[in-house]
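K.L.:
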Amino acid sequence: MAYKIVASQCTNCTACEALCPNMAISEAKGTFVIDPDKCTECIGHFDDPQCVAICPVDNTCVIDSAYPRYQA
Amino acid sequence: MTEAAFPEGSSSQPAVDIGDVMQKLAEHKGCGTEGGSGKASCGSSAGPADMAPEIWEKVKNHPCYSEEAHHHYARMHVAVAPACNIQCNYCNRKYDCANESRPGVVSERLTPEQASKKVLAVASTIPQMTVLGIAGPGDPLANPQKTFETFRLISEVAPDIKLCLSTNGLALPDWVDEIAKYKVDHVTITINMIDPEIGQHIYPWVFWENKRLQGYEAAKILTERQLLGLEMLTERGILAKINSVMIPGINDKHLVEVNKAVKSRGAFLHNIMPLISAPEHGTVFGLNGQRGPTAQELKALQDECEGDMNMMRHCRQCRADAVGLLGEDRSAEFTTDKIMAMDVEYDAEGRKAYQQAVESERQAKVEAKQSELDGLEKAGDTKLLVAVATKGHGIINEHFGHAKEFQIYELSGKGAKFVGHRRVDLYCQGGYGEEDALDTVITAINDCHAVFVSKIGGCPKADLIEAGIEPVDQYAHEFIEQSALVWFKDYLAKVEAGEIVHVDRGDAAIRQGALLSQAS
Ligand code: SF4
Ligand code: SF4
Ligand code: SF4
């Protein structure tokens, strides 16, 4: 039920952090991470996941298949 | 903010009337054509004689706006704005961007508090530091809280420092009033196109109203927002400079249209910069082999746009955390650790005294240049370029072998005009293979007839002569423009006497790029 950030790709640009409607993103140990318990895939807020839309590096904010897809 | 700090924009005085400004600028007609005021170079090198006093006040100590000031005053950027809201094909956020002032990665990301401490530390160490800019590493207006908090803190402790910011323009209309509130008097907008058909080849996407837009649609929103933002700045009397990256085959011819569009909306300066692109930068343009312009192509475009507007040719495309005179980067002296350990005392009086000394120095330089304008009629249509090794202050004061860049002046019957600079340090050799240092320099200044230095060794001297570039070291520690004109008149006399034949020189490779602190 969540997105995750591929740490090796993240530039630490902070852009996703401010856009997340659920405050699911924060900085940790030199990269940004998504709290899977808070992430709703932006469902109910926006048509597109905001972190994916703003991230300057493609395929950095990706679906974390360890979690089932979010159900609104 | 005290009144004294911003006499030109303080509330007790009317804001600058932009119509009046435009009128003055039109009268000023761009560059070095009128002999009367003694100005002979570009990028608004005009002095008080032909510029509205309130505009002169704003630009005179600004290294980016005044070609002449950039010899004397320093600027610094603080990297408080990491996020960006668009993607450019010449930028790769994983690496330092070689283009404009928006490098993808800076060594350190600062909080507004750290940034303000850094500004104080630098201002106390380098009294000629008069300008603080926020340019990235992302877009300042995509990080509005951090950007404006930084401005607020700095205007409280160091009200004499001018504030500027550099933006892609997407969010600009939303923040113009805030920009006016902090008395930010210089805003740079990067405008590479006014036609979305062209824009779609430069911008893969923009983030707009919580969506990622692509292609034509993305470029259309961007250009609309940029031009609206520019108009809003003009209405409020905030000086706007436009940066454009020249991308051969994509927007090179189109930039003439851009120039007209921004001029008609009140832009004060237009700065056309060469695309810097190499595969190792990892940018779209770097990887798809998009080339940058040659020195001649760049100059031809700048000349074409110059007609009736100030062009800026001395932009160094510095990094978002650059510190120092243009072309110099002292950021390594001011890392966060060092700053936090510094005991900073802001010496407003000392800074003022220093800046007054600089004013007299500048005056002397202008007079020196003026004194050599007589007797130039002989030049006829002869025009040539010379390279100068300088560490600043408008003086020939750098060794040939130590020079990291050369300033280029055009000499003609109208005088000496600064037309650009060429980087020759290691960083800029990327993509040029295994040439040795001397070849690098020769390629970079191949379009010049002479190179002025304070000192030069025997070997490079011989090689330069062989390449057809005359090494000139007899004007060491003298004023650049004055010396160049004395040399030029001597050159013309020799041509007239039949001692030498005047031939045109070829083109040169551009090695102008972001200055990396590692490189210095
Ligand atoms: S998908 Fe939406 S909710 Fe999830 S982390 Fe990204 S921005 Fe936040
Ligand atoms: S937007 Fe992408 S690169 Fe920037 S901090 Fe978030 S995950 Fe990292
Ligand atoms: S990037 Fe260009 S405009 Fe900005 S400070 Fe450097 S020289 Fe000036």
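So the sequences go chain by chain: A and B. To convert, take the position in the first sequence, counting from 1, and add 1048; that gives the numbering used here. To convert, take the position in the second sequence, counting from 1, and add 152; that gives the numbering used here. Quick reminder that beta carbons are idealized off the backbone N, C-alpha and C, glycines included.
Please report the distance separating the alpha-carbon of residue 448(B) from that of residue 642(B).
P.N.:
Roughly 26 Å between the two C-alpha positions.
K.L.:
Cα separation between residue 1095(A) and residue 1084(A)?
P.N.:
Cα to Cα, the separation comes out at about 19 Å.
K.L.:
Please compile the residues from chain A whose C-beta is within a distance smaller than 9 Å of the C-beta of residue 363(B).
P.N.:
Those within 9 Å of residue 363(B) in chain A are 1094, 1095, 1096, 1101.
K.L.:
For residue 539(B), write down the residues that DSSP places opposite it in a beta bridge.
P.N.:
Partner(s): 560(B), 603(B).
K.L.:
Does the CB of residue 1050(A) have a neighbour CB from chain B at under 9 Å?
P.N.:
Residue 1050(A) does not count as touching chain B.
K.L.:
Between residue 1160(A) and ligand 1, is the CB less than 8 Å from at least one heavy atom?
P.N.:
Beyond the ends of chain A as shown, which are 1049 and 1120, falls residue 1160(A); an answer cannot be given.
K.L.:
Residues bridged to residue 426(B) by DSSP?
P.N.:
The partner list for residue 426(B) (beta bridge, DSSP) reads 398(B).
K.L.:
Would you list, in chain order, the members of the region 339-369 of chain B that have their beta-carbon closer than 8 Å to a beta-carbon of chain A?
P.N.:
Listed by position along the chain: 359, 362, 363, 364.
K.L.:
Is any heavy atom in ligand 2 found nearer than 8 Å to the beta carbon of residue 1060(A)?
P.N.:
Checking every heavy atom of ligand 2 against the Cβ of residue 1060(A), one is found closer than 8 Å.
K.L.:
By Cβ distance, which residues of its chain are closer than 7 Å to residue 1061(A), with the 5 residues on each side in sequence left out?
P.N.:
Cβ within range, chain order: 1104.
K.L.:
Taking Cβ positions, are residue 627(B) and residue 399(B) nearer each other than 9 Å?
P.N.:
No, Cβ-Cβ distance for residue 627(B) and residue 399(B) is not below 9 Å.
K.L.:
When the Cα atoms are used, what is the spatial distance from residue 451(B) to residue 571(B)?
P.N.:
In a straight line, the C-alpha of residue 451(B) is about 8 Å away from that of residue 571(B).
K.L.:
So residue 1062(A) contacts chain E; which residues on that side make the cut at Cβ distance below 7 Å?
P.N.:
The structure shown has no chain E; the protein chains it does contain are A and B.
K.L.:
DSSP beta-bridge partners for residue 359(B)?
P.N.:
For residue 359(B), which the question treats as bridged, DSSP gives the partners 364(B).
K.L.:
To the nearest angstrom, how far is the alpha carbon of residue 271(B) from that of residue 244(B)?
P.N.:
Using only the alpha carbons, I get a separation of about 28 Å.
K.L.:
Against chain A, does residue 107(B) count as a neighbour if the rule is that its beta carbon must be under 9 Å from one of theirs?
P.N.:
In the structure displayed, chain B extends from 153 to 672; residue 107(B) sits before or after that span and is not available.
K.L.:
Given residue 330(B), which residues of its chain have a CB within under 8 Å of its CB, disregarding the five upstream and five downstream residues?
P.N.:
Once the five neighbours on either side are set aside, the close Cβ partners of residue 330(B) are 296, 300.
K.L.:
Between 420(B), 614(B), 404(B), 229(B), which has its C-alpha nearest residue 456(B)'s C-alpha?
P.N.:
Per the Cα distances, 404(B).
K.L.:
Please identify the residue among 370(B), 361(B), 569(B), 290(B) whose C-alpha is closest to the C-alpha of residue 261(B).
P.N.:
The option with the nearest alpha carbon to residue 261(B) is 290(B).
K.L.:
If you count every other CB in all the chains shown that lies within 10 Å of the CB of residue 378(B), and 16 or more means buried, which is it?
P.N.:
Residue 378(B) should be labelled buried.
K.L.:
Comparing the CB of residue 1087(A) with every heavy atom of ligand 2, is any distance shorter than 8 Å?
P.N.:
No, Cβ of residue 1087(A) sits at least 8 Å from all heavy atoms of ligand 2.
K.L.:
For residue 368(B), does the count of other Cβ atoms within 10 angstroms reach 16, so buried, or fall short, so exposed?
P.N.:
The residue in question, residue 368(B), is exposed, as its Cβ has fewer than 16 Cβ neighbours within 10 Å.
K.L.:
Just by C-beta distance, which residues in the region 274-295 of chain B are closer than 9 Å to chain A?
P.N.:
For the region 274-295 of chain B, which is checked against every Cβ of chain A, the residues closer than 9 Å are 289, 290, 294, 295.
K.L.:
Given this structure, state the Cα-to-Cα distance separating residue 615(B) from residue 629(B), to the nearest angstrom.
P.N.:
In a straight line, the C-alpha of residue 615(B) is about 24 Å away from that of residue 629(B).
K.L.:
Alpha carbon to alpha carbon, what distance is there between residue 575(B) and residue 273(B)?
P.N.:
Approximately 28 Å, taken between the alpha carbons.
K.L.:
So what's residue 524(B) in DSSP terms, helix, strand or just coil?
P.N.:
In the structure shown, residue 524(B) sits in coil (DSSP, three-state: anything other than H, G, I, E or B).
K.L.:
Based on DSSP bridge pairs, tell me the residues matched to residue 1051(A).
P.N.:
Paired residues: 1111(A).
K.L.:
Within the 9 Å Cβ cut-off, does residue 1066(A) reach chain B?
P.N.:
Yes, its Cβ sits closer than 9 Å to a Cβ of chain B.
K.L.:
Is there a C-beta anywhere in chain B that falls below 9 Å from the one on residue 1116(A)?
P.N.:
Residue 1116(A) does not count as touching chain B.
K.L.:
Taking a contact to mean a Cβ-Cβ separation below 9 Å, would you say residue 365(B) touches residue 323(B) in this structure?
P.N.:
No, Cβ-Cβ distance for residue 365(B) and residue 323(B) is not below 9 Å.
K.L.:
Can you tell me whether residue 289(B) is helix, strand or coil according to DSSP?
P.N.:
DSSP places residue 289(B) in strand when its eight states are reduced to three.
K.L.:
Taking only the alpha-carbon atoms, compute the straight-line gap between residue 409(B) and residue 264(B) and give it to the nearest angstrom.
P.N.:
Their Cα atoms are separated by approximately 38 Å.
K.L.:
Where does the unbroken beta strand (DSSP E) through residue 1056(A) begin, and where does it stop?
P.N.:
Here residue 1056(A) belongs to no beta strand (DSSP E), and DSSP marks it neither H nor E.
K.L.:
Check residue 622(B) in the structure and name its three-state DSSP category.
P.N.:
Correct three-state label for residue 622(B): strand.
K.L.:
Quick check: is any heavy atom of ligand 1 less than 8 Å from the C-beta of residue 359(B)?
P.N.:
Residue 359(B) Cβ: outside cutoff for every heavy atom of ligand 1.
K.L.:
By DSSP, does residue 386(B) sit in helix, in strand, or in coil?
P.N.:
In the structure shown, residue 386(B) sits in a helix (DSSP, three-state: H, G or I).
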